[in-house]
Amino acid sequence: MGYRQLDGVPRTSRWDTGKKAAHLPDPGDTPPVMTDIRFCTDDEIDNAIRAVLCAAFCAEDSEELRRLVRLRLPSSATPEQIVDAVCAELRWQGRLESEEQRRLQAAQVLAAFFDLPISERETLALMGLV
Numbered sequence: 001m002g003y004r005q006l007d008g009v010p011r012t013s014r015w016d017t018g019k020k021a022a023h024l025p026d027p028g029d030t031p032p033v034m035t036d037i038r039f040c041t042d043d044e045i046d047n048a049i050r051a052v053l054c055a056a057f058c059a060e061d062s063e064e065l066r067r068l069v070r071l072r073l074p075s076s077a078t079p080e081q082i083v084d085a086v087c088a089e090l091r092w093q094g095r096l097e098s099e100e101q102r103r104l105q106a107a108q109v110l111a112a113f114f115d116l117p118i119s120e121r122e123t124l125a126l127m128g129l130v
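For the sequence shown, position 130 matches number 130 in my numbering, and the numbering has no gaps at all.
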């Protein structure tokens with residue numbers, strides 16, 4: 001596993017694991033914003049959708065809803081596209097309430113999601129914790 005120097009402190013690089021996962025630009029002086037992040041694996045996208053549906057939108061019937069949201073997304077989705085697709089599907093079903101607050105909650109959920117190690121973001125068992 002490779003190492004990367006940030007502020008003079010060696011850190012393990014999650015990109016050296018041999019797994020393809022969300023692409024985060026190299027951290028420079030500014031932290032990455034949600035529009036800069038792209039999911040790269042289907043499991044990661046599906047788990048992000050589940051996390052947003054469960055934690056931000058309180059959608060307990062999330063598996064069927066997740067499938068419908070997934071159909072609205074490109075193969076390599078951004079967090080913003082996921083939130084837009086969730087809102088669009090819930091709006092179409094007449095179930096979207098307090099959209100502005102839900103979008104803010106979804107952004108917080110996704111920020112926490114990206115704090116997890118890649119292996120946990122790709123694991124279905126994670127969703128039992130949300």
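C-beta: ideal position from N, C-alpha, C; glycine also.
Just so it is clear, the structure is predicted and the values come from calculations on it, not from any experiment.
Collapsed DSSP secondary structure at residue i in the structure displayed
i	result
Arg-72	coil
Arg-38	strand
Glu-63	helix
Ala-51	helix
Cys-58	coil
Ala-85	helix
Glu-44	helix
Thr-17	Confidence in Thr-17 is poor, its pLDDT being 46 and thus under 50, which makes the residue's placement unreliable; the coordinate value appears in the next sentence. Note: Thr-17 maps to helix in three-state DSSP.
Met-127	Here Met-127 scores only 49 on pLDDT, less than 50, and its place in the model should not be relied on; the value that follows carries that caveat. It is helical.
Expected contact under 8 Å - CB spacing of residue i and residue j to nearest Å
i	j	result
Ala-56	Arg-102	6 Å
Phe-39	Ala-48	6 Å
Ile-118	Ala-77	Between Ala-77 and Ile-118 the Cβ distance is about 16 Å, and since that is not below 8 Å, they are no contact.
Phe-114	Ile-37	7 Å
Leu-65	Glu-89	7 Å
Terminal residues of the alpha helix (DSSP H) in which residue i lies
i	result
Ser-119	118 to 121
Asp-115	99 to 115
Arg-95	It is not in any alpha helix (DSSP H) - Arg-95 carries neither H nor E in the DSSP assignment.
is_contact[residue i, chain D] using C-beta, thresh 8 Å
i	result
Asp-42	Included in the structure is just one protein chain, with no chain D present.
Tell me, please, whether the region 103 to 118 touches the region 59 to 78 by the rule of three or more beta-carbon pairs shorter than 8 Å.
-> No: the two stretches stay apart, fewer than three of their Cβ pairs being nearer than 8 Å.
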